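*Asks:*
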Amino acid sequence: MLQLLEDNIVTFVKKELKKIQKLLSHKEDELEDEDEEQRSSRELLMKITVNFLRRMKQEELADGLQSSKRISLKVSACVFEGITKAGNPTLLNEIYTELFITEGGRGELNEEHEVRQIEAASRKADKGERSIRQEELFQLPAGRPEPIRTVMTKGVAGIGKTVLTQKFTLDWAEGKAHQNLHFTFPFTFRELNVLKEEKFSLVELVHHFFPETKQAGICSFEDFQVLFIFDGLDECRLPLDFHKTRILKDPRKSTSVADLLTNLIRGNLLPSARLWITTRPAAANQIPAECVDMVTEVRGFNDPQKEEYFRKRFRDEEQASRIISHIQRSRSLHIMCHIPVFCWITATVLEDLLKSREGGGLPKSLTEMYIHFLVVQAKVKKVKYDGGAETDPHWSPESRKMIESLGKLAFEQLQKGNLIFYESDLTECGIDIRAASVYSGVFTQVFREERGLYQDKVFCFIHLSVQEFLAALHVHLTFIASGLNLLEEEQSQISQPEQRSPVQFYQSAVKKALQSPNGHLELFLRFLLGLSLQTNQSLLRGLLTQTGSSSQTNQETVQFIKEKISEDLPAEKSINLFHCLNELNDGSLVEEIQQFLSSGRLSTDKLSPAQWSALVFILLSSEEDLEEFDLKKYSPSEEALLRLLPVIKASNKALLRSCFLSERSCAALSSVLSSQSYRLRHLDLSNNNLQDSGVKLLSAGLESPDCKLETLRLWGCSLSEISCKVLVSALKKNPSNLTELDLSWNQNLQDSGVHHLCGFLESPDCRLQTLRLWGCSLSKISCKVLVSALKKSPSNLTELDLSKNNLQDSGFLHLCGFLESPGCRLQTLRLKGCNLSERSFEALSSVLSSQSYRLRHLDLSNNNLQDSGVKLLSAGLESPDCKLETLRLENCSLTENNCEALVSALKKNPSNLTELDLSENQNLQDSGVLHLCGFLESPDCRLQTLRSDSICWTSSCITAPEHTYLSDCRLENCRLSEISCKALVSALKKNPSNLTELDLSGTNLQDSGVLPLCGFLESPDCRVQTLRSDSMFLLPSD
1 MLQLLEDNIV
11 TFVKKELKKI
21 QKLLSHKEDE
31 LEDEDEEQRS
41 SRELLMKITV
51 NFLRRMKQEE
61 LADGLQSSKR
71 ISLKVSACVF
81 EGITKAGNPT
91 LLNEIYTELF
101 ITEGGRGELN
111 EEHEVRQIEA
121 ASRKADKGER
131 SIRQEELFQL
141 PAGRPEPIRT
151 VMTKGVAGIG
161 KTVLTQKFTL
171 DWAEGKAHQN
181 LHFTFPFTFR
191 ELNVLKEEKF
201 SLVELVHHFF
211 PETKQAGICS
221 FEDFQVLFIF
231 DGLDECRLPL
241 DFHKTRILKD
251 PRKSTSVADL
261 LTNLIRGNLL
271 PSARLWITTR
281 PAAANQIPAE
291 CVDMVTEVRG
301 FNDPQKEEYF
311 RKRFRDEEQA
321 SRIISHIQRS
331 RSLHIMCHIP
341 VFCWITATVL
351 EDLLKSREGG
361 GLPKSLTEMY
371 IHFLVVQAKV
381 KKVKYDGGAE
391 TDPHWSPESR
401 KMIESLGKLA
411 FEQLQKGNLI
421 FYESDLTECG
431 IDIRAASVYS
441 GVFTQVFREE
451 RGLYQDKVFC
461 FIHLSVQEFL
471 AALHVHLTFI
481 ASGLNLLEEE
491 QSQISQPEQR
501 SPVQFYQSAV
511 KKALQSPNGH
521 LELFLRFLLG
531 LSLQTNQSLL
541 RGLLTQTGSS
551 SQTNQETVQF
561 IKEKISEDLP
571 AEKSINLFHC
581 LNELNDGSLV
591 EEIQQFLSSG
601 RLSTDKLSPA
611 QWSALVFILL
621 SSEEDLEEFD
631 LKKYSPSEEA
641 LLRLLPVIKA
651 SNKALLRSCF
661 LSERSCAALS
671 SVLSSQSYRL
681 RHLDLSNNNL
691 QDSGVKLLSA
701 GLESPDCKLE
711 TLRLWGCSLS
721 EISCKVLVSA
731 LKKNPSNLTE
741 LDLSWNQNLQ
751 DSGVHHLCGF
761 LESPDCRLQT
771 LRLWGCSLSK
781 ISCKVLVSAL
791 KKSPSNLTEL
801 DLSKNNLQDS
811 GFLHLCGFLE
821 SPGCRLQTLR
831 LKGCNLSERS
841 FEALSSVLSS
851 QSYRLRHLDL
861 SNNNLQDSGV
871 KLLSAGLESP
881 DCKLETLRLE
891 NCSLTENNCE
901 ALVSALKKNP
911 SNLTELDLSE
921 NQNLQDSGVL
931 HLCGFLESPD
941 CRLQTLRSDS
951 ICWTSSCITA
961 PEHTYLSDCR
971 LENCRLSEIS
981 CKALVSALKK
991 NPSNLTELDL
1001 SGTNLQDSGV
1011 LPLCGFLESP
1021 DCRVQTLRSD
1031 SMFLLPSD
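Residue numbers for the sequence shown follow the UniProt record's numbering, so the first one is 1 and each next one is one higher.
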């Protein structure tokens, strides 16, 4: 045994030493997949080898061996939540909370204000979206042949992109993940911006930032699996030109940093390297789409992740629960807590308030939260830097001057759209670079200074929302002190007294924000209006030397905002005005509509425009309504659709059937389908007079690359072949998402319409799984062209409904040929009322007896089977190859003889059929039910649902494979007598039952039929709870 152990150890060591030799000669192969034990063993041997090399005085080799992992340790294992130069660091692995990251989308431009984007992200995630973990980045998805070279990760400011890259790198450095990578080089564009005028080769650039690689003599990065991380594309000030930059393939040739990056991203330099670029959405389009293999989006924290963060931050369970509950009650706070940085701000404030306010109220508005945040920082400065006591006044002349300067910087840079500031930006605002360093050292959690390895100082506010709050504070302070409105184009002193009124000041701010096309002043406006409240101004006592508004001012401002809401505003602007009302502590509009909704007295005919907007605001806050929005709940009208369009845009499923819609609605819906941020996946427009003109307008949205619709129902919309033509044209341009299409009951579609549809079905990009063409005046020609199209391209179609079309036997024979083909995936086929005869059932019997077909659900109702047809069908059903689970033969003129033949077949092959529908076959009568009971009492019967006339026997579950368990049995109006009752009871007694409801209404049972039932009700196996017979309703007491 010892010899065997020695042999194994020697073999392992030799193998690993060969790998180490390759690493030192820069020829390391890709690491093999290994489990935790193998990885630990390899790392332990690596440490032993380094130790022996140092004993042998081979320091250079030992350093080279360690270099690949030491490089990554520059990325700190600690993070400072909002603090960069003071305070205690927090271990990243301790505080890190998994982020909600989704895959999909494109690197398109999104110029909307990021709070609008957070509003959209705060709504329930799409069920179809794939959430991914950071460990899964660069992993090849199933079905994708080409490897992923470049990943772009989008996300609004403060959402966690930088921390995500740090966690990725730390996991790699610690050997926890991504071990196929030999080197991970994290860069930030903030660092690269400083090198704008310098020239480097790619090798020199890596050596410049990661000198360990130079010391180890590593120059041939093409020999390794390398990942370059470029964090913060939105902060890039390099002239990235992907059209005019000269091609560079030599990593040792010098050029500008901008040219290096464009060639690296294009794949000219180091095509084997992997790239990860992070950016805010507004800058995503700086990288050409063809250079990005995968786009992901960091959505921040979903609701469970928010809770996890606060429970990690507050170890006291009761305290954490109180904070989580408080945030959930405030719509504004709850939305903003999708941003991790805002969670930290909230935690900072509430931690302080819970210490100082025993049982007191907590901030409910954003403005109040940010005021408290600023006050907390003033306290920290007073105690930590000025040596004051907790009870001393927070604001000193020095700290007031600091905040005023930071506010000026925040406002002026906000107008320019800058989030990071270099020395030149500070100089323009009149701030000395040394003063800025002092500010960042004192107000460390508001304004921070960053310094890369070899760069000048860079400054920024910890989050865009903090910058906007300080900008609003600056505008507010300036107006109070001087009467100057900084939001006016002409920034001159206001001379006329009436122009100085606070009411006009706030009204001008509202107008200015409404003029912003992308909502870039919306959060700023919320803060500015919130600062007008005297209760908030009192919190800033010491910083504000005078107040600037009254309750009368606030009331007039509220009334002005309500008037603006009554105007025909875009939904996003209207929603922000409701948030503004919240900052002003006015919820009257929303409360009014909520009372109407809760009382059931909402009359949309009498709603004012402002009330409509309030209804939109309420519905957008409701997860239930956004999962499935039904327009008929509010008003089945075109006006209601147009008013509630933002709700439809945010919903997962929109039910708009029978709502009297026209082409005007189609135009509006088309704009929704073409927008970037909508989440609609299922759209039902059935039974509306849309006509071809409406479908033409709708198709403009369907063909948009942003359209992600999965289900489209246009049942009974007065469409013709023209609609099919434009639909197909649109779907061919954007075919990848639609899986269900319902064009039923459009009688003018005809064969020519189906011919157009086939052009889409035979497309290799078609993903359609369900197609319904019920009652479309089709003939056998449609069957022929359908089968031809489905055979040409591997079909995803699993459900086809051709009911109520005059297909006849010749059409059905075409379908049978397809059912037996190897490419057919059809599982459900509905041919109700298609004029089929025994010739069709002969072909069907052959299909059911074959081994290749996949059909599981078949509806042949309303076809005249006759005895010969049922006999042929039964021959297929009794075949051991028959896999049918559902068979519907409603209104097929069945008799007791047909029933006998069916039961005989099912007894021979009983194991698959779970649903049998024999409704509306009035000639079955007692004798037919007697035959059925013979099947029901069979121990091999798997039947869960049996319908006959209006019979419906339904099983909720089958717990033992050898028994049938029925939970619901309806035999109403079946012309049954006591004979059927006796047979039924006998069958149920033989096969222990879970029957809970028995409906025998309209049957001629008489006393002789009821008596056997009573005997069954008394049996220990009986579980019947409800018994109906004509007007009789029985509930057994036990």
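The beta-carbon is built from N, C-alpha and C at its ideal position, and this holds for glycine as well. Note that the structure is a prediction, hence the values are computed from the model and not measured.
#1: Quick test of the definition: if touching needs 3 or more C-beta pairs under 8 Å, does the stretch 846 to 854 touch the stretch 810 to 827?
#2: If residue 1053 and Thr346 are in contact, beta carbons under 8 Å, what's the gap, nearest whole angstrom?
#3: Based on the DSSP output, what are the partners of Ala369 in its beta bridges?
#4: Reducing DSSP to helix, strand and coil, say where His857 ends up.
#5: Taking Ser677 as the reference, give the member of Gln117, Leu99, Ile48 and Asp926 with the closest Cα.
#6: Ignoring anything shorter than 4 residues, give me the alpha helix (DSSP H) runs that lie fully in the stretch 664 to 738, in order along the chain.
#7: Measuring only the C-alpha atoms, how far is Ala875 from Cys834?
#8: Between which residues of its own chain and Cys337 is the CB-CB distance below 8 Å, once the five residues before and five after are set aside?
#9: If I follow the unbroken alpha helix (DSSP H) through Glu896, where does it start and stop?
#10: Tell me which residues share the same chain as Ser723 and place their Cβ nearer than 6 Å to its Cβ, disregarding the 5 neighbours each side in the sequence.
#11: Reducing DSSP to helix, strand and coil, say where Arg839 ends up.
#12: Please go through the same chain and pick out, in chain order, the residues whose beta-carbon is closer than 8 Å to the beta-carbon of Leu353, but skip the five residues on each side of it.
#13: Would DSSP call Leu195 helix, strand or coil?
#14: If I follow the unbroken beta strand (DSSP E) through Ile229, where does it start and stop?
#15: Could you tell me which of Arg237, Pro186, Gln225 and Val163 sits nearest to Lys196, measuring between CA atoms?
#16: Quick check on Leu884 - is its C-beta less than 9 Å from some C-beta in chain B?
#17: Can you check whether the CB of His476 is closer than 9 Å to the CB of Leu528?
#18: Alpha helix (DSSP H) containing Thr165: first to last residue?
#19: Can you tell me where the beta strand (DSSP E) with Cys783 in it begins and where it stops?
#20: Suppose you measure from the CA of Ser551 to the CA of Phe411; what does that come to, to the nearest Å?
#21: Quick check: Val870 and Leu902, are their CB atoms within less than 9 Å of each other?
#22: Identify every residue that forms a DSSP beta bridge with Ile431.
#23: Report yes if the C-beta of Phe629 is less than 8 Å from at least one heavy atom of the ligand HEM; otherwise report no.
#24: Starting from Pro363, follow its DSSP beta bridges and name the residues at the other end.
#25: In this structure, what does DSSP give as the bridge partners for residue 1048?
#26: Does the distance from the CB of Val728 to the CB of His756 come in under 9 Å?
#27: Below 8 Å, how does it come out for the stretch 309 to 317 and the stretch 167 to 184: are there three or more Cβ pairs, yes or no?
#28: Helix or strand or just coil, what does DSSP make of Met1032?
#29: With a threshold of 8 Å, are at least 3 pairs of Cβ atoms found where one atom belongs to the stretch 214 to 227 and the other to the stretch 171 to 186?
#30: From Ser919 to Asn891, what does the alpha carbon distance come to, in whole angstroms?
#31: Give me the Cα-Cα distance between Glu468 and Leu523, rounded to the nearest whole angstrom.
#32: Check each candidate in Gln925, Leu906, Leu924 and Ser927 and name the one with the smallest Cα separation from Leu936.
#33: Go through the stretch 912 to 942 residue by residue and report every complete run of the beta strand (DSSP E) that reaches 3 residues or more, in order.
#34: Can you give me the start and stop residues for the beta strand (DSSP E) that Trp276 sits inside?
#35: Does DSSP put Cys824 in a helix, a strand or coil?
#36: In angstroms, rounded to a whole number, what distance separates the CA positions of Gly387 and Ser131?
*Replies:* Let me lay it out:
#1: yes
#2: Because the chain here runs from 1 to 1038, residue 1053 falls outside it and cannot be looked at.
#3: In the sequence as displayed, the identity of residue 369 is Met instead of Ala. Met369 is not bridged to any residue.
#4: strand
#5: The alpha carbon of Ser677 has as its nearest neighbour, out of Gln117, Leu99, Ile48 and Asp926, the alpha carbon of Gln117.
#6: 691 to 702 and 721 to 733
#7: 22 Å
#8: Taking C-beta separations shorter than 8 Å and ignoring five residues to either side along the sequence, the partners of Cys337 in its chain run Phe301, Lys306, Ile327, Cys343 and Thr346, following chain order.
#9: For Glu896, the enclosing alpha helix (DSSP H) stretches over residues Glu896 to Lys908.
#10: Asp692 and Val695
#11: helix
#12: Gly360, Leu362, Pro363 and His372
#13: coil
#14: Unbroken beta strand (DSSP E) run through Ile229: Val226 to Asp231.
#15: Arg237
#16: Looking for chain B here will not work: only one protein chain is present.
#17: yes
#18: Lys161 to Ala173
#19: Note, Cys783: premise wrong, no beta strand (DSSP E); alpha helix (DSSP H) at Lys780 to Lys792.
#20: 27 Å
#21: yes
#22: Note: Ile431 sits in no beta bridge, so no partner.
#23: Of the ligands one can find in the structure shown there are none, so the ligand HEM has no counterpart to examine.
#24: Answer is none; Pro363 lacks a bridge partner.
#25: One cannot answer for residue 1048 here, as it falls past the ends of the chain, which runs 1 to 1038.
#26: One thing to note: Val728 has its Cβ within 9 Å of the Cβ of His756.
#27: no
#28: Reliability of the predicted coordinates at Met1032 is poor, the pLDDT of 42 falling under 50, and the value obtained from them is presented with this limitation in mind. Correct three-state label for Met1032: strand.
#29: yes
#30: Each residue's alpha carbon lies about 6 Å from the other.
#31: Each residue's Cα considered, the two are about 7 Å apart.
#32: If you compare the alpha carbons of Gln925, Leu906, Leu924 and Ser927 with that of Leu936, the shortest gap goes to Leu906.
#33: The stretch 912 to 942 contains, as complete beta strand (DSSP E) runs of 3+ residues, the segments 915 to 918 (chain order).
#34: That run of the beta strand (DSSP E) goes Arg274 to Thr279.
#35: coil
#36: 49 Å
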